[in-house]
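S.K.:
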Amino acid sequence: MLFLAEEHLIHFKAIGSVADALGYDCYVVGGYVRDRMLDRDFKKDIDIVCVGSGIELAKAWAKNISPTKKVQIFKNFGTAQLKHGGIVFEFVGARKESYQRDSRKPIVENGTLEDDQNRRDFTINAMAVCLNKDRFGALIDPFNGQEDLAGKIIRTPLDPDITFSDDPLRMLRAIRFASQLHFEIHPETFASIQNNAKRLEILSKERIADELNKIICTDPPSRGFNLLSDAHLLKHILPEFEKLRGVDYVDGKGHKDNYDHTLQVLDNLAGVTEDLWLRWAAILHDIAKPNTKRFEEGHGWTFHGHEVVGARMVPKIFKRLKLPLDHKMKLVQKLVA
């Protein structure tokens, strides 16, 4: 019970009791367990895995709560959601996954708890706490996730090349977790991200943008951008930003590194606002400087019209990344101008 919050025990015991009646082993897994160990606020959603049908478990618990309690079922994914006590509980049966080279959508089969933990992205997300009455509160941690939490390390449970090749979104999640939690990515895991960076090509722009926005909302956001750049991911997502790097010299005259300058502006802004779209404006405010850079004899480096060119670039970047093209984009465009 060390890993379960007091206010949630009544729910967990009820779910465990229903699982016992169905003959299912049942566990709370993933982010809830991780965040409880870190003493962080969890996101008001809790993942429940059972060795059996997650949908049947959700239905049985809902009936136990109230005959009219509604369960949202996603048959294609074999999952069910139930809202109770201000919390979204997601139920799924333990499963094992295999992938085809050109898709991150897995071929799913029923599996054991071990199979389910093997498919998790990182050791810190692969821990499970048993909810069955005879083992209630027992921690199952096959990959020493508890040690990685203590050591502030992001590491894959299995071979990182397989983990990231199967589902490249996990590379962005590694950067996001490192940024959110102020953890370090294990060297072998980080090298694998660099080696598999091109696999981002199979991801939808929407999924990439979702993770990128979460990284932008971390504190300080510059750390996430530097990790994206060092991991060779940024050039596949926002190549215009990567082009800000570097300083050119003519006749001994150079200019500031606009990559470092932009991240400093972003961090300064992040210190006073959490607004995502203001942060995007900071990211893109000098985005056209590489396109407008000129050296003028007797004067030095100029970037004439970079604000006008940059404002024109904003809709194209937003459209490519599947970001909103409404008033949010127009605000960013206006601020860049």
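Position 176 of the sequence shown, counted from 1, bears residue number 748 in the working numbering, the numbering being contiguous throughout.
Backbone N, C-alpha and C fix where the C-beta goes; we use that ideal spot for every residue, glycine too.
(1) From P811 to I859, what does the alpha carbon distance come to, in whole angstroms?
(2) Nearest to A700 by CA position, among D706, P714 and D693, is which residue?
(3) What does a CB cutoff of less than 6 angstroms around V643 pick up in its chain, not counting 5 residues either side in sequence?
(4) Restricting to runs no shorter than 4 residues, where is the alpha helix (DSSP H) found entirely within the stretch 826-861?
(5) Distance check for E686 and Y604, CA to CA, integer angstroms please.
(6) Could you have a look at A652 and say whether DSSP puts it in helix, strand or coil?
(7) Suppose the cutoff is 8 angstroms on Cβ atoms and the five residues either side in sequence are ignored; what does the same chain contact list for R851 look like?
(8) Does V623 come out as helix, strand or coil in the three-state DSSP assignment?
(9) Is it the case that the stretch 764-778 contacts the stretch 738-746, given that we only count it when at least three CB pairs across the two stretches are under 8 angstroms?
(10) For the beta strand (DSSP E) containing E662, list its first residue and its last residue.
(11) Count the other CB atoms, across all protein chains shown, that sit within 10 Å of the CB of R519; report buried if there are 16 or more and exposed otherwise.
(12) Around the C-beta of A909, are 16 or more other C-beta atoms found within 10 angstroms, so that it is buried, or is it exposed?
(13) For the alpha helix (DSSP H) containing A750, list its first residue and its last residue.
(14) Counting only runs of 3+ residues fully inside the stretch 675-731, write out the beta strand (DSSP E) ranges in chain order.
(15) Can you give me the Cβ contacts of P887 inside the same chain, cut-off strictly under 7 angstroms, excluding the 5 residues immediately before and after it?
M.R.: Taking the structure as given:
(1) 10 angstroms
(2) P714
(3) A630, K631, A634, A652 and L654
(4) 830-842 and 848-856
(5) 19 angstroms
(6) strand
(7) I788, C789, P793, L838, L841, A842 and T845
(8) coil
(9) yes
(10) I659 to G665
(11) Nothing can be reported for residue 519, as the shown portion of the chain is limited to 573 through 909.
(12) exposed
(13) L741 to L753
(14) 679-682 and 700-702
(15) L897, M901 and Q905
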